[in-house]
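Contents: one structure, followed by commentary.
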Amino acid sequence: MYFKIITGLAFALSASVAWAVNSPINGSVQANCSIYTTTPGQYGNPSPWKLSTASADGGVDTIIRVDIAAADYYKTKFTHPNSFSSSPTLNDAVAWTGSTVVSSHSVAGMSAYEAAKVVVNNTTTFNMTLAGSTWFKVASTASYGSADNTALPAGNYVAMAVAECIAK
Amino acid sequence: MLLGFQAQAHEMTPAYPKFKQSYIDGVSVTKMSLFNRRSEVSYYEIGVFTADWKEIPFASTQKVIKVRYTKRYPFEVYVRNGDLENVQYICTISKILKGAEQTSQIATRICSKVK
């Protein structure tokens with residue numbers, strides 16, 4: 000009888016030990032860059048010859064968030080459009096303007112990115128020296144015609160901004 | 000008030016890939032991984048470049064890969080040993096489908112560096 004009790008007790012104890020086994024959840028953080036398309040832009044049409052992402056013109060600026068997991072591994076580049084990827088047939092020239100600025104950041108030191116940015120033609124480069132999240136605002140304006148009196152042909156217009164993250 | 004937030008991201012690792020000899024003589028290989036969190040994008044193109052962004056021939060299972068939303072796609076890049084010293088960047092760029100409705104679209108490109 001004692002043998003049965005001891006056997007049962009041993010089984011219960013071994014079973015309870017099994018219930019207490021830990022279940023670890025492993026993870027690792029690699030140096031990486033993630034590009035988040037937080038707000039896709041939208042052109043407003045404030046005048047017949049103009050498309051603009053500015054809110055004052057009825058548009059929406061593009062907002063892109065870049066997450067850097069390890070400091071000083073990446074640089075980012077943003078290229079605002081200088082052509083339409085899709086549009087009706089255009090018989091006159093389009094004048095393009097645009098810009099990329101740091102609109103928000105998760106680390107105070109990232110405020111220095113704006114002053115240190117390098118702009119070449121329609122591409123703006125930022126050196127991502129700190130780990131964390133940075134939000135960039137890309138603005139774009141297209142003005143049609145050599146004089147501001149030529150209306151854009153009716154139809155759908157699509158332009159492409161490019162966001163890049165390049166390991167240093 | 001609660002605000003909904005949908006993350007739309009393109010990620011690629013590692014930042015600094017290393018090539019090693021493949022099972023094919025004279026060809027090296029490295030392993031990369033792409034994570035697609037852009038719901039509006041399903042295709043990414045792989046590219047291999049020199050330091051001054053000239054294209055280098057390479058092989059992979061496909062050059063344009065289909066990666067479903069929230070899926071990770073591991074892929075291998077094969078380069079001839081003769082080209083290896085010129086390889087500087089391995090990149091993936093998102094491909095936007097023609098006819099998308101948004102008037103301002105965003106192409107994302109992430110490049111890893113071979114040191």
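If you read the sequences in order, they're chains A and B. Under numbering that gives the first Met the number 0, the residues of the first sequence are numbered 0 to 167, in order. Under numbering that gives the first Met the number 0, the residues of the second sequence are numbered 0 to 114, in order. Positions of the beta carbon are idealized from the N, C-alpha and C atoms, including for glycine.
**Message:** Strictly below 9 Å CB to CB, what residues from chain B border A/Val161?
**Reply:** Indexing the first sequence from 1 puts residue 161 of chain A at position 162. Within chain B, the residues Ile92, Ile105, Ala106, Thr107, Arg108 have their CB atoms less than 9 Å from the CB of A/Val161, given in chain order.
Quiz item: Where do the N-terminal and C-terminal ends of the alpha helix (DSSP H) with A/Ala111 fall, by residue?
Solution: Start at 1 with the first residue of the first sequence, and residue 111 of chain A comes out as number 112. From DSSP, the alpha helix (DSSP H) with A/Ala111 extends over 111-115.
Notebook entry, point to check: Taking B/Asn80 as the reference, which of B/His9, B/Gln7, B/Thr29, B/Ala14 has the closest Cα?
Noted result: To locate residue 80 of chain B, count along the second sequence from 1; it is residue 81. Considering only alpha carbons, the answer is B/Thr29.
- Measuring alpha carbon to alpha carbon, tell me which of A/Lys49, A/Ser46, A/Pro47, A/Ile62 ends up nearest A/Gly40. In the first sequence, residue 40 of chain A corresponds to position 41, counting from 1. With distances taken between Cα atoms, A/Gly40 lies closest to A/Ile62.
Q: Look up B/Ser111 in the DSSP assignment and say whether it is helix, strand or coil.
A: In the second sequence, the residue the question calls residue 111 of chain B occupies position 112. In the structure shown, B/Ser111 sits in a strand (DSSP, three-state: E or B).
Verify the CB distance criterion: does A/Thr88 have a CB-CB separation below 7 Å to chain B? Sequence index remark: in the first sequence, residue 88 of chain A carries index 89 (1-based). Interface flag for A/Thr88 against chain B is unset, since no Cβ pair is found closer than 7 Å.
Exercise. Given that A/Asn31 touches chain B, what residues does it touch there, using C-beta distances under 8 Å?
Worked result: For the purposes of this step, residue 31 of chain A is identified with residue 32 of the first sequence, where counting begins at 1. Per Cβ cutoff of 8 Å: Glu10, Met11, Thr12, Pro13, Ala14.
Note to self: Any C-beta of chain A within less than 9 Å: which residues of the region 54-73 of chain B qualify?
What the structure shows: none
Worksheet entry | Chain-ordered neighbours of A/Lys167 on chain B, where CB pairs are closer than 8 Å | For this step, residue 167 of chain A is matched to residue 168 along the first sequence. By Cβ distance, chain B contributes Lys112.
Quiz prompt | Beta-carbon contacts of B/Arg67 that lie in its chain and below 8 Å, excluding the five residues immediately before and after | solution = As a working note, residue 67 of chain B is residue 68 in the second sequence. Cβ within range, chain order: Asn35, Ser41.
Check: At a Cβ threshold of 7 Å, is A/Tyr143 touching chain B?
Finding: Residue 143 of chain A sits at position 144 when you count from the first residue of the first sequence. Chain B, which has no Cβ nearer than 7 Å to the Cβ of A/Tyr143, makes this no.
Limits of the unbroken beta strand (DSSP E) element including B/Tyr88
The residue you call residue 88 of chain B lines up with position 89 of the second sequence. Looking at the DSSP string, the run of the beta strand (DSSP E) that includes B/Tyr88 is 88-94.
Identify the residues that DSSP records as bridge partners of B/Asn35: which are they? Here residue 35 of chain B refers to the residue found at position 36 when the second sequence is read from its first residue. Partner(s): B/His9, B/Lys70.
Interface residues of chain B around A/Tyr72 at Cβ under 7 Å?
Within the first sequence, numbered from 1, the residue matching residue 72 of chain A stands at position 73. Correct list: Ala14.
*asked:* What are the residues in the region 90-103 of chain A lying within 8 Å of chain B by C-beta distance?
replied: none
Okay, do the region 122-140 of chain A and the region 101-108 of chain A touch, 3+ Cβ pairs below 8 Å being the bar? Taking 8 Å as the limit for Cβ pairs, the verdict is that the region 101-108 of chain A does touch the region 122-140 of chain A.
- Query: In chain order, what residues of the region 105-136 of chain A put their CB closer than 9 Å to some CB of chain B?
  - Reply: none
Where the beta strand (DSSP E) containing A/Lys167 begins and where it ends:
In the first sequence, residue 167 of chain A corresponds to position 168, counting from 1. No beta strand (DSSP E) holds A/Lys167; DSSP gives it neither H nor E.
How would you list, in chain order, the residues of chain A whose beta-carbon sits under 9 Å from the beta-carbon of B/Tyr88?
-> Here residue 88 of chain B corresponds to residue number 89 of the second sequence, with the count starting at 1. Close to B/Tyr88, with beta-carbon spacing below 9 Å, are these residues of chain A in chain order: Ile165, Ala166.
Requested in this report: Could you name the residues that DSSP lists as bridge partners for A/Phe125?
Outcome: Residue numbering aside, residue 125 of chain A sits at position 126 when the first sequence is read from its first letter. DSSP output for A/Phe125 lists A/Thr75 as bridge partner(s).
For this session: Would you identify the three-state DSSP class for A/Gly108, choosing helix, strand or coil?
Result: Position 109 of the first sequence, counted from the start, is the residue given in the question as residue 108 of chain A. Correct three-state label for A/Gly108: helix.
* In or out: A/Asn155 buried (at least 16 other Cβ within 10 Å) or exposed? -> Mapped onto the first sequence, residue 155 of chain A falls at position 156. Exposed: under 16 other Cβ atoms inside 10 Å.
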